Amino acid sequence: MPPGLDLQESRKGTIIGVAVALWCLALLAVALRVLSRRIKGTKLWLDDWLIFAALPFSTTQVFVNVGYGTSKGLGHHLWATPPDSLYAYSIDLFVSQCAFAGVVVCFKLSILALYWRLFHFQRFIKALIWALAMVILLWGALVMLLATLQCNPTRALWARYDPVNPLPRDQYYCRFAERNFLLFTSVPTLVTDIIMLILPIPYIWKLKLPRSKRYGVLATFCLGSFIPAVAIVRIIFIAQGNFVGVDITWNFPLMMLLSVARVNVGILCACLPLILPVLSAINRRVRSRHAPSQRHGAAHAAAQANDGAPWPHTIGSPCGPPCKAWLRSDVSSHDAGSHLDADSSDRRPCRHGSDTIELPPLAATEQSAKR
Numbered sequence: 001m002p003p004g005l006d007l008q009e010s011r012k013g014t015i016i017g018v019a020v021a022l023w024c025l026a027l028l029a030v031a032l033r034v035l036s037r038r039i040k041g042t043k044l045w046l047d048d049w050l051i052f053a054a055l056p057f058s059t060t061q062v063f064v065n066v067g068y069g070t071s072k073g074l075g076h077h078l079w080a081t082p083p084d085s086l087y088a089y090s091i092d093l094f095v096s097q098c099a100f101a102g103v104v105v106c107f108k109l110s111i112l113a114l115y116w117r118l119f120h121f122q123r124f125i126k127a128l129i130w131a132l133a134m135v136i137l138l139w140g141a142l143v144m145l146l147a148t149l150q151c152n153p154t155r156a157l158w159a160r161y162d163p164v165n166p167l168p169r170d171q172y173y174c175r176f177a178e179r180n181f182l183l184f185t186s187v188p189t190l191v192t193d194i195i196m197l198i199l200p201i202p203y204i205w206k207l208k209l210p211r212s213k214r215y216g217v218l219a220t221f222c223l224g225s226f227i228p229a230v231a232i233v234r235i236i237f238i239a240q241g242n243f244v245g246v247d248i249t250w251n252f253p254l255m256m257l258l259s260v261a262r263v264n265v266g267i268l269c270a271c272l273p274l275i276l277p278v279l280s281a282i283n284r285r286v287r288s289r290h291a292p293s294q295r296h297g298a299a300h301a302a303a304q305a306n307d308g309a310p311w312p313h314t315i316g317s318p319c320g321p322p323c324k325a326w327l328r329s330d331v332s333s334h335d336a337g338s339h340l341d342a343d344s345s346d347r348r349p350c351r352h353g354s355d356t357i358e359l360p361p362l363a364a365t366e367q368s369a370k371r
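The sequence shown begins at 1 in this note's numbering and counts up one residue at a time.
What follows is the structure, encoded as structure tokens:
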């Protein structure tokens, strides 16, 4: 043990707090995504189901680290941990590696499925989407295969640290160091992150939308830059080797939290194009409750014109046709994919107060994008 080391130090609270907070944020993003679909009256599509598939992997990664890992000494100095701490750490590492690959594949395929739905009329981008999807699937399969084969037999990864019956050294061998494994599997996914970030920009710019709305859509998609940003920080941390060394139970949690941030920020960014319009609609609804008295008078008059039924003040409450029209127009007018989700019956002006919002025709949008 190094001299002067404080064995009472603990990162357990940080691990639990940060990991659970990021997981809850991703869960909230998916819930708002479903709410967006419900408000607009559209069915769940492939991109939604793929993001749902990412949640079990994310949940596994978070709670294996938070529940199992911290109970076995993760977040404490090695000399203050129970005898089976390295055994538990190795199991934690193996499960996290597989779960990380699963959630990254799912949220990236979800983003590509959204691109397909928005830009399916462009042949070139369809070919790129297929190529990226194949690369991502192959990457995920390779990561899980390497995680399984990094030691022979696989159980040697943790069985060699069994405090009761450790696997003898002459009965196993491990093919590569943990740092090399993480670097080899992290760099390719960063490359696909960057390609996916810039892929939709020229096609969004060609959409037949007002310039201000076009900038808004671009800004929404560019928020996905948080994904490669976290990935770059994680790769730098891996390259510096800050998570290895004798005191692995103390050093590894920082690496683990970067991995948790990587996947949950990915889920959040995959949902952003759909949840920002919902948040905007909620914000408008809240602000309308505090509008000047004359607006309330106008709303009351409008309610009387609809058989005396007042419009509800909450999105989740029973909603009549006027309210649904307002909610759908308010959300759709800010959703990058609304003009593709809505059918022909929905392409009519919708009024809220004195503002008129008209959704662009699908055919005109496609022709403009092709040009």
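Even for Gly, the Cβ is constructed at its ideal location relative to N, Cα and C.
Being a predicted model, the structure only gives us computed values, none of them experimental.
In the structure shown, what three-state DSSP assignment does Tyr-161 receive? Residue mapping note: residue 161 aligns to position 161 of the sequence shown, counting from 1. Three-state result, Tyr-161: coil.
Who does Tyr-173 pair with in a DSSP beta bridge? If you number the sequence shown from 1, residue 173 lands on position 173. BP columns for Tyr-173 point to Asn-152.
Rounded C-alpha distance that separates Asp-84 from Phe-94: Locating residue 84 in the sequence shown gives position 84, counting from the first residue. Locating residue 94 in the sequence shown gives position 94, counting from the first residue. Looking at the two C-alpha atoms, the distance is approximately 16 angstroms.
Please return the same chain residues whose Cβ sits closer than 8 angstroms to the Cβ of Ala-231, not counting the five positions on each side in sequence. To locate residue 231, count along the sequence shown from 1; it is residue 231. Taken in chain order, the residues that qualify are Ser-186, Thr-189, Leu-190, Asp-193, Arg-262.
Would a C-beta distance cut-off of 7 angstroms place His-120 and Trp-250 closer than the cut-off? Here residue 120 refers to the residue found at position 120 when the sequence shown is read from its first residue. Here residue 250 refers to the residue found at position 250 when the sequence shown is read from its first residue. Taking 7 angstroms as the cut-off, the beta carbon of His-120 is found no closer than this to the beta carbon of Trp-250.
Relative to the C-alpha of Ala-101, which candidate in Arg-37, Leu-27, Ile-136, Gly-13 has its C-alpha closest? Numbered from its first residue, the sequence shown carries residue 101 at position 101. Relative to Ala-101, the option among Arg-37, Leu-27, Ile-136, Gly-13 whose CA is nearest is Ile-136.
Whether Cys-106 touches Ala-54 by CB criterion (7 angstroms): Sequence index remark: in the sequence shown, residue 106 carries index 106 (1-based). Sequence index remark: in the sequence shown, residue 54 carries index 54 (1-based). Remark: C-beta atoms of Cys-106 and Ala-54 approach each other more closely than 7 angstroms.
Below 8 angstroms on the Cβ atoms is my guess for Ser-225 versus Leu-197; work out the distance and round it to an integer in Å. As a first step, residue 225 is located in the sequence shown; it is residue number 225 there, counting from the start. As a first step, residue 197 is located in the sequence shown; it is residue number 197 there, counting from the start. Yes, Ser-225 and Leu-197 are in contact; Cβ-Cβ is about 6 angstroms, under 8 angstroms.
Under 7 angstroms between the Cβ atoms of Leu-274 and Ser-110? What you label residue 274 is simply residue 274 of the sequence shown in a count that begins at 1. What you label residue 110 is simply residue 110 of the sequence shown in a count that begins at 1. Taking C-beta atoms as the reference points, Leu-274 and Ser-110 fail to come closer than 7 angstroms.
Continuous alpha helix (DSSP H) stretch holding Gly-13: start and end: Numbered from its first residue, the sequence shown carries residue 13 at position 13. That run of the alpha helix (DSSP H) goes 12 to 40.
Pull up the distance between the alpha-carbon of Ile-16 and that of Val-66, whole angstroms please. By one-based count along the sequence shown, residue 16 stands at place 16. By one-based count along the sequence shown, residue 66 stands at place 66. Going from the Cα of Ile-16 to the Cα of Val-66 covers about 6 angstroms.
Enclosing alpha helix (DSSP H) for Gln-103 [first to last residue]: Locating residue 103 in the sequence shown gives position 103, where the first residue counts as 1. The sequence shown places Val at residue 103, not Gln. Residues 85 to 119.
Assuming Leu-44 contacts Cys-271 (C-beta within less than 8 angstroms), just tell me the rounded distance between them. Against the sequence shown, residue 44 aligns to sequence position 44. Against the sequence shown, residue 271 aligns to sequence position 271. Taking a contact as a CB-CB distance under 8 angstroms, the pair Leu-44 and Cys-271 does not count as one, their CB atoms being some 13 angstroms apart.
Over what stretch of residues does the alpha helix (DSSP H) that includes Thr-60 continue unbroken? Stepping through the sequence shown from its first residue, residue 60 is reached at position 60. Residues 46 to 63.
Trp-205 lies in the alpha helix (DSSP H); which residues open and close that run? Counting from 1 along the sequence shown, the entry for residue 205 is found at position 205. 201 to 206 is the extent of the alpha helix (DSSP H) around Trp-205.
Secondary structure at Leu-209, three-state DSSP: helix, strand or coil? Mapped onto the sequence shown, residue 209 falls at position 209. Leu-209 falls in the coil class under three-state DSSP.
Between Trp-116, Ala-21, Gln-122, Arg-123, which lies nearest to Ala-133 when the distance is taken from Cα to Cα? Counted from its first residue, the sequence shown places residue 133 at position 133. Ala-133 has its Cα closest to that of Trp-116, out of Trp-116, Ala-21, Gln-122, Arg-123.
Along the alpha helix (DSSP H) that carries Glu-9, what are the first and last residues, could you check? Counting from 1 along the sequence shown, the entry for residue 9 is found at position 9. That residue, Glu-9, is in no alpha helix (DSSP H); it is neither H nor E in DSSP.
Per-residue DSSP class, three states only, for Val-193: Position 193 of the sequence shown, counting from 1, holds the residue named residue 193. Reading off the sequence, residue 193 comes out as Asp, not Val. DSSP places Asp-193 in helix when its eight states are reduced to three.
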